[in-house]
Amino acid sequence: MTRPPAPTVAASRDEVQAPTPPVVIPDGCNMGVVLRVAVGVNAAVAIALLAAYPGWSEAGARFIELSAVLGPALLMTLLAWCALRRFAPPLPLAAQRLLAWAVPVASTGFTLTLAGPLSPGLSRGVTWTALLTALVVGIAVQHYFELRARAFSPAVTEARFQALQSRIRPHFFFNSLNAVLAVIRSDPLRAERMLESVAELFRAVMGDVRRLVPLEQELDLCRRYVEIEQTRLGERLQVDWDIGAVHPRARVPQLLLQPVIENAVRYGAERLAGECRIVVRIRQMGFRLELFVSNPLAKDPLQREGNQIGLANIRGRLALIYDLEGELSTRVRHDRFELTMTIPVEKRANG
Amino acid sequence: MTTKILIVDDEPPARVRMQQLLAEVGTQFPTQVVGAVDSGPAALEAVDRDAPDIVLLDISMPGMNGIEVARHLAARENPPAVIFVTAFDDHALEAFEVRALDYLLKPVRAERLAASLARAGRLVQHEPRLQEVARALGSQRTHLTISERGRMSLVPVEDIVFLRAELKYVTIRTPQREHLTEESLTSLEEEFGPRFVRIHRNTLVARKSIRAFERVRGTIDGDGEGGEGHWEVLLKELPDRLPISRRQWPQVKSTTLT
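Just so you know, the sequences run in chain order A and B. 351 is the number that our numbering gives the last residue of the first sequence; the numbers go up by one with no jumps. 1258 is the number that our numbering gives the last residue of the second sequence; the numbers go up by one with no jumps.
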């Protein structure tokens, strides 16, 4: 009885937080934001007017007069922020801030041009003051919400990542335990190794999916996973590993590749009678890493459904970790399901 | 007399494990394993050959799953008792009381296996019950069981070109030959839904077999329809031309030409 070669345990286990580009334009569609902006700005204007004019009645009259401009300008600002936040392409922080500041100025200018002729109290001089005020208020509001977001968003992001956390499929788990039980008497060494691998998988699954781990570590996990599946499924499952030259310190999000291979096993080997050959190919192209996995599909189109289901999770994680820099595409060619992921090569050892 | 057992599981270690367990409970419940096979069709063959008393049947297998195997077995004259074995993901099974449909959860415990075997005499699974389970699990058969001259044979559903209701039977047409079944066209249409399209009140055609539609002058016999012609389906595998009834044509057109 020979013990299979010990797996190469990745030397380094220090993990890195992946970057998540924030959006710093206030969310004009969020009720909380709308309420805070409306109350805050109106209150500020009221206080300013009270300070500037001696009597209550005069300040009140000015306030009502100003409201004709303030109301529409506020509404336009909020709507524009809402739209920008949702539909603008991802921009550098500075550009986002400038854009957010420009909105109230533009809204105020626009409202004044339309409302100016209607209300006699507004002269051209007031317009410049108004624009400057709008800019200052805009900067203050945007800054306030950016700080607020910085304080609160980790919780939100955390929740989103939690939702995308990988899970061990019960079917896989119980079948693996069953397979271990089957060999525990005849081949105790193999049973040991299988339990070790199950433990490794569990460790990874319970870990943080944002962790960037050395590619070699993720590959080791994939090989262990395939080994368990091969014990279960026997000769039927064949995997071709085609790993090209990759930067030795290249890092990938933990459990990026394993779920893809699991998907291939699930929709290839578990659905198809007869041999199932899965191809795993990894190539580095400049500063990008290409991960390719393909599996055979049932000839019958009705049995092919479902291959995409497990991928929504991976797509979601790629989007959260790499934003637009991570790509995932799939296609069916020659009765095989092909998946290609492209991610930037991360080499940093510390965040 | 020892009980004859057939083990059906696509995973080799699971078959080994089941044999170990049977050996373990052998002192209180002597059994003889007459076979351990890895697929549904192999199981049906083994049942016909070795006539086991009990089949320990894995549910999730590629191709023909365990529920389908049991349905084909239920169509036989003296079906063996069936005990399902499953890992987990068949939540729908929880809905069925153990009394109605016995199943063991993997990893199987020896005591639990012994208890099931002891009850096995009452464990013959009946087709209506299995049909219910299959529906709950959303699983369709991959084969139809055909009984011809006392022999049971399987027709793969994906080979079927069209199904036509005759007087008492439904004719199943494959590229090679015709078979007869007592199942109704309506229940077949319900089970295999999107695979077939109803072109006439007595005909279902496999979508994948439709080559073209052709307009023909004259009426369809017995359909009592007007004289301005009708459409026919031309098939990929067979020279037969199948008439489309006027009532079905709009639906056939919209669901196959998109």
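We treat Cβ as the ideally placed atom computed from N, Cα and C, and that holds for glycine.
Sequence-ordered contacts of the region 172-200 of chain A with chain B read F172, F173, F174, N175, L177, N178, A179, V180, L181, A182, V183, R185, S186 [C-beta pairs closer than 9 Å]. For P1250 of chain B, no beta strand (DSSP E) run applies; the uninterrupted alpha helix (DSSP H) run containing it begins and ends at 1249-1256, by DSSP. If you draw a 10 Å sphere on the C-beta of D242 of chain A, you find fewer than 16 other C-beta atoms in it, and that means exposed.
With fewer than 16 other Cβ atoms from the protein chains shown falling within 10 Å of its own Cβ, H247 of chain A counts as exposed. Residues of the region 260-278 of chain A with a C-beta atom less than 7 Å from some C-beta of chain B are E270, R271, L272, A273, listed in chain order. Proximity to V24 of chain A across A:A182, A:R97, A:C222, A:V41 peaks at A:R97, based on C-alpha coordinates. Just measuring C-alpha positions, the residue of A:R167, A:I228, A:L135 sitting nearest L181 of chain A is A:I228. Against chain A, the beta carbon of K1106 of chain B has neighbours under 7 Å at F174, N175, N178, listed in chain order. Pairwise C-beta distances place the region 53-69 of chain A out of contact with the region 87-97 of chain A, as fewer than three of them are shorter than 8 Å. Excluding residues up to 5 positions away in sequence, P26, D27, F145 lie with their Cβ nearer than 7 Å to the Cβ of V33 of chain A in the same chain.
Among the CB atoms of chain A, one or more fall inside 7 Å of the CB of R1017 of chain B. Selection B:G1035, B:H1200, B:E1111, B:V1047 evaluated against F1162 of chain B yields B:H1200 as nearest (Cα-Cα). The C-beta distance from V37 of chain A to L74 of chain A rounds to 7 Å, short enough to meet the 8 Å contact threshold.
No Cβ of chain A is located within less than 7 Å of the beta carbon of P1156 of chain B. Contacts with chain B (Cβ-Cβ distance below 7 Å) from the region 232-250 of chain A involve R232, L233, G234, listed in chain order. Within the region 1021-1049 of chain B, contact with chain A at the beta-carbon level (separation under 8 Å) is assigned to S1039.
Beta-bridge partners assigned by DSSP to M341 of chain A: A:L291, A:L328. At a C-beta separation below 8 Å, G1066 of chain B has no neighbours in chain A, since its nearest C-beta there lies roughly 13 Å away. V141 of chain A and R317 of chain A have their C-alpha atoms roughly 31 Å apart. Taking the Cβ atoms as the reference, I1067 of chain B lies roughly 5 Å from A1134 of chain B, within the contact range of under 8 Å. The C-beta of D1009 of chain B has 16 or more other C-beta atoms within 10 Å across all chains shown, which makes the residue buried.
Counting only the Cα atoms, S1153 of chain B lies some 6 Å from T1145 of chain B.
The Cβ of G1150 of chain B sits no closer than 7 Å to any Cβ of chain A. In the assembly as shown, H1230 of chain B is a buried residue. Its beta-carbon has 16 or more other beta-carbons within 10 Å. The beta carbon of E1011 of chain B sits closer than 7 Å to some beta carbon of chain A. Comparing alpha carbon positions, the residue from A:V345, A:L311, A:P344 closest to S329 of chain A is A:L311. A Cβ-Cβ distance of about 15 Å is found for the pair P1175 of chain B and L1242 of chain B, leaving them out of contact under the 8 Å criterion.
Taking 4 residues as the minimum length, the alpha helix (DSSP H) runs contained wholly in the region 125-198 of chain A are 170-183, in order along the chain. Closer than 8 Å at the C-beta level to chain A, one finds no residue of the region 1163-1181 of chain B. Contacts with chain A at 7 Å (Cβ-Cβ) include A1087 of chain B. Contact check for A59 of chain A against L70 of chain A fails: the beta carbons are separated by 7 Å or more. With 16 or more other Cβ atoms from the protein chains shown falling within 10 Å of its own Cβ, W81 of chain A counts as buried. Using a Cβ distance threshold of 7 Å, I168 of chain A and V205 of chain A count as a contacting pair. For H1200 of chain B, the uninterrupted beta strand (DSSP E) run begins and ends at 1196-1200, by DSSP.
By the C-beta density criterion, D1102 of chain B is buried, having at least 16 other C-beta atoms within 10 angstroms.
By the rule that beta-carbons nearer than 7 Å mark a contact, P1243 of chain B does not touch chain A.
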